[in-house]
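First to last, the protein sequences are chains C and V. When the letters of the first sequence are read in order and numbered with the numbering used here, they come out as residues 33 to 236. When the letters of the second sequence are read in order and numbered with the numbering used here, they come out as residues 33 to 236. C-beta atoms are modelled at their ideal positions from N, C-alpha and C, and glycine is treated no differently.
Protein chains: 2
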Amino acid sequence: MKGRTVKAARTRAAIVAAALREFSERGFMGARLDEIAQRAGVAKGTIYIYFKDKEALFEGIVREVLLPYSQELEAKAKERQPTTPTDFFENYFLPTVRALQADQRVEILRLLISEGPRFPALTEIYYRVLVEPNILKLQALLRRSVKPEAAVLADFPQLLAAPVLTGLIWNTLFERFREVDLEQMMRAQFKLISIWLKDELDEP
Amino acid sequence: MKGRTVKAARTRAAIVAAALREFSERGFMGARLDEIAQRAGVAKGTIYIYFKDKEALFEGIVREVLLPYSQELEAKAKERQPTTPTDFFENYFLPTVRALQADQRVEILRLLISEGPRFPALTEIYYRVLVEPNILKLQALLRRSVKPEAAVLADFPQLLAAPVLTGLIWNTLFERFREVDLEQMMRAQFKLISIWLKDELDEP
DNA sequence: TTTTTGTGACTGACTTTTCAGTCATATTAA
DNA sequence: TTAATATGACTGAAAAGTCAGTCACAAAAA
Numbered sequence: 033m034k035g036r037t038v039k040a041a042r043t044r045a046a047i048v049a050a051a052l053r054e055f056s057e058r059g060f061m062g063a064r065l066d067e068i069a070q071r072a073g074v075a076k077g078t079i080y081i082y083f084k085d086k087e088a089l090f091e092g093i094v095r096e097v098l099l100p101y102s103q104e105l106e107a108k109a110k111e112r113q114p115t116t117p118t119d120f121f122e123n124y125f126l127p128t129v130r131a132l133q134a135d136q137r138v139e140i141l142r143l144l145i146s147e148g149p150r151f152p153a154l155t156e157i158y159y160r161v162l163v164e165p166n167i168l169k170l171q172a173l174l175r176r177s178v179k180p181e182a183a184v185l186a187d188f189p190q191l192l193a194a195p196v197l198t199g200l201i202w203n204t205l206f207e208r209f210r211e212v213d214l215e216q217m218m219r220a221q222f223k224l225i226s227i228w229l230k231d232e233l234d235e236p
Numbered sequence: 033m034k035g036r037t038v039k040a041a042r043t044r045a046a047i048v049a050a051a052l053r054e055f056s057e058r059g060f061m062g063a064r065l066d067e068i069a070q071r072a073g074v075a076k077g078t079i080y081i082y083f084k085d086k087e088a089l090f091e092g093i094v095r096e097v098l099l100p101y102s103q104e105l106e107a108k109a110k111e112r113q114p115t116t117p118t119d120f121f122e123n124y125f126l127p128t129v130r131a132l133q134a135d136q137r138v139e140i141l142r143l144l145i146s147e148g149p150r151f152p153a154l155t156e157i158y159y160r161v162l163v164e165p166n167i168l169k170l171q172a173l174l175r176r177s178v179k180p181e182a183a184v185l186a187d188f189p190q191l192l193a194a195p196v197l198t199g200l201i202w203n204t205l206f207e208r209f210r211e212v213d214l215e216q217m218m219r220a221q222f223k224l225i226s227i228w229l230k231d232e233l234d235e236p
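See below:
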């Protein structure tokens, strides 16, 4: 692989990166292809060599960012299965959210929340590839970890993710008025949950 | 029987209702004034009698739906202050969310989540009028209700709202794959919290 | 090696479409 | 009658999408 192929791959990557920024700043309808082209340092026509139209571009970037992400998560999960909820929380969930915050992939999540209803096919991929498998794993873990009197907890694995989602949205909208510390809020929530868990060998 | 004012008010209301639907389906940029006019059963020009432009229409509907809502909440809060978190949850929070689900105002919340960053003035009103006062009240209530060892809980009053937000977003995106029962999820979350509260005289 | 021919990534001016906003005209309540 | 309300064809600007032509590099021929 040399010369033209390498350059083409770079061009494509530049378009994807520029499009991701533009789409997350302005949303699907608000994004301007002229602006994406300018940001990518290419002519507008070039975009149409790589993507059929604006919609294909949008779907393309979501897939290209999402799929490697899910593979990454799977690899992480495969290499060491979490044994307890605390293990899961400290060594898998928290690092994942930290990594998420640190790069541009949060933007994809925010994009999918607002544009999802208009891209049902994309929403389905997102659900099947990222949400469902992780929710099911978490649910299985909760089923064997919560005390019988709190069995209902295993019906709502979403409760662990709720502070993340809420914190991310809160900070995008209200950071300038009152910022929330996402990690601390997640820890507070986990503390709420952990008292209902069968005793593991932790707690300070 | 029909004064001009009455008819005008009806026309205006029809426009507001149609705009709310169109804006929540397509977002601000995606909404079409022709479509709003058709849904409202008026000509496009009519919209411009009542609203200066598209932006004024958007801000108008948000204010018109939001402000009565906050007045309603304030009235409810004034008529009987919640004494305990359980009282707050059962007699104020839960009914409020139930009412929210039952009418078109959830749409406004979803709209503000996706369009908020592009309408900072609107986001500020939303925060000042609805979010801040309620978060502060809840925080005050938590401060005097949680056991000292869980004092951190009072720093995150958002945790009570997190399942609502998460459930609403979950259901808009993923209802067709796996619906969550919002009320049950809220109850599960409240159960998590209630164990950290100083003993009140409840629990069945 | 040097020259010629072939290829496809890339360009940007151009065409087409889409829509917010306007306005001359019509309708209707008072 | 007249003032307020409503209409919808029209306009201009902006944005999506197209395509004939250019050029850098690769492959083949000399």
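- Item | chain V residues whose Cβ lies nearer than 7 Å to that of C:Y159 | Chain V residues near C:Y159: F206 and F209.
- Can you tell me which of the three DSSP states C:P236 falls into? Annotation note: pLDDT 40 at C:P236 (below 50); position unreliable, no value reported.
- Task: With 7 Å as the C-beta to C-beta threshold (strictly closer), list the residues of the region 211-222 of chain C near chain V in chain order.
- Result: Residues V212, M217, A220 and Q221.
- Residue of V:A51, V:A69, V:V94 and V:R42 minimising C-alpha distance to V:E156: Selection V:A51, V:A69, V:V94 and V:R42 evaluated against V:E156 yields V:V94 as nearest (Cα-Cα).
- Query: Does the beta carbon of C:L273 come closer than 7 Å to any beta carbon on chain V?
  - Reply: Because chain C in this structure spans residues 33 to 236, residue 273 of chain C falls outside the shown range and cannot be described.
- Beta carbon proximity, C:T118 to chain V, threshold 7 Å: Answer no: the Cβ-Cβ gap between C:T118 and chain V never drops below 7 Å.
- Query: Around the C-beta of V:I47, are 16 or more other C-beta atoms found within 10 angstroms, so that it is buried, or is it exposed?
  - Reply: It is buried - the Cβ of V:I47 has at least 16 other Cβ atoms within 10 Å.
- Beta carbon of V:R175 nearer than 7 Å to that of V:A182: No, they are not a contact pair.
- Taking the Cβ atom as the reference point for each residue, do C:F209 and V:Y124 lie within a distance shorter than 7 Å? Contact annotation: C:F209 and V:Y124 have beta-carbon atoms that are not nearer than 7 Å.
- Buried versus exposed, by CB contacts within 10 Å (16 or more), C:D234: With a pLDDT of 45 at C:D234, under the threshold of 50, the modelled position of this residue cannot be trusted; read the value that follows with caution. Under this definition C:D234 is an exposed residue.
- With C-beta atoms as the reference, is V:A50 less than 7 Å away from V:I68? It is a contact, given that the beta carbons lie within the stated cut-off.
- Let me know the secondary structure DSSP gives V:V74 once reduced to three states. For V:V74, the secondary structure class from DSSP, reduced to helix, strand or coil, is coil.
- Message: Tell me the rounded alpha-carbon separation between C:L192 and C:L126.
- Response: Going by the C-alpha atoms only, they are around 11 Å apart.
- Item | Contacts around C:L170, its chain only, beta-carbon distance under 8 Å, and the 5 residues preceding and following it disregarded | Around C:L170: F120, P189 and L192.
- Query: Using a beta-carbon distance below 7 Å, is V:L233 in contact with chain C?
  - Reply: Residue placement at V:L233 cannot be trusted, given a pLDDT of 43 that sits under 50; what the coordinates show is reported in the next sentence. Under the Cβ distance rule, V:L233 does not count among the residues neighbouring chain C, no pair being separated by less than 7 Å.
- For V:L229, the residue or residues it bridges with in DSSP: Note: V:L229 sits in a beta bridge opposite V:V178.
- Query: Is the CB of C:S177 under 7 Å away from at least one CB in chain V?
  - Reply: Taking Cβ atoms only, chain V never reaches closer than 7 Å to C:S177, which makes this a no.
- Mind checking the region 131-149 of chain C against chain V and listing, in chain order, the residues whose C-beta falls within less than 7 Å of any C-beta there? Along the region 131-149 of chain C, the positions whose C-beta sits under 7 Å from a C-beta of chain V are I145, S146, G148 and P149, read in chain order.
- With 7 Å as the limit, tell me which residues of the region 68-92 of chain V have their beta carbon closer than that to any beta carbon of chain C; keep them in chain order. Along the region 68-92 of chain V, there is no position whose C-beta sits under 7 Å from a C-beta of chain C.
- Message: Give me the chain C residues within the contact set of V:A194, using Cβ-Cβ distance strictly less than 7 Å, ordered along the chain.
- Response: Chain C residues near V:A194: A194, P195 and T198.
- Cβ of C:F121 within 7 Å of any chain V Cβ: Closer than 7 Å: no.
- Item | With 16 other Cβ atoms within 10 Å as the buried cut-off, status of V:R44 | Buried, because 16 or more other Cβ atoms sit within 10 Å of the Cβ of V:R44.
- Message: Using a Cβ distance threshold of 8 Å, determine whether the region 52-69 of chain C contacts the region 107-116 of chain C, with at least three qualifying pairs required.
- Response: Taking 8 Å as the limit for Cβ pairs, the verdict is that the region 107-116 of chain C does not touch the region 52-69 of chain C.
- Under 7 Å Cβ-Cβ, which residues of chain V neighbour C:T155? Ordered by position in chain V, the residues that pass the 7 Å Cβ test against C:T155 are L205.
- Item | Backbone secondary structure at C:Q136 - three-state DSSP | DSSP places C:Q136 in the coil class of the three-state scheme, outside both helix and strand.
- Item | CB contact below 7 Å: V:V184 versus chain C | By this cut-off, V:V184 is an interface position.
- Quick one: does V:G35 have its CB under 7 Å from some CB of chain C? Judged by the 7 Å Cβ criterion, V:G35 is not in contact with chain C.
- Would you call V:V38 buried or exposed, if buried means 16 or more other Cβ atoms sit within 10 Å of its Cβ? Burial is judged here by how many other beta carbons sit within 10 angstroms of a residue's own beta carbon; V:V38 has fewer than 16 and is exposed.
- Message: Please identify the residue among C:S102, C:E96, C:L65 and C:Q70 whose C-alpha is closest to the C-alpha of C:D85.
- Response: Out of C:S102, C:E96, C:L65 and C:Q70, C:L65 has the C-alpha closest to the C-alpha of C:D85.
- Which residue comes first and which comes last in the alpha helix (DSSP H) that contains V:D119? First-last of the alpha helix (DSSP H) with V:D119: P117 to F120.
- Message: Taking the alpha helix (DSSP H) that V:G148 belongs to, which residues open and close that run?
- Response: Taken as a continuous stretch (DSSP letters only), V:G148 belongs to no alpha helix (DSSP H), as it is neither H nor E.
- Query: CA-CA distance, V:M33 and V:G73?
  - Reply: In this predicted model, V:M33 has a pLDDT of only 46, less than 50, meaning its place in the structure is not dependable; the value taken from the coordinates is given anyway. Within the model, the alpha-carbon separation for V:M33 versus V:G73 is close to 21 Å.
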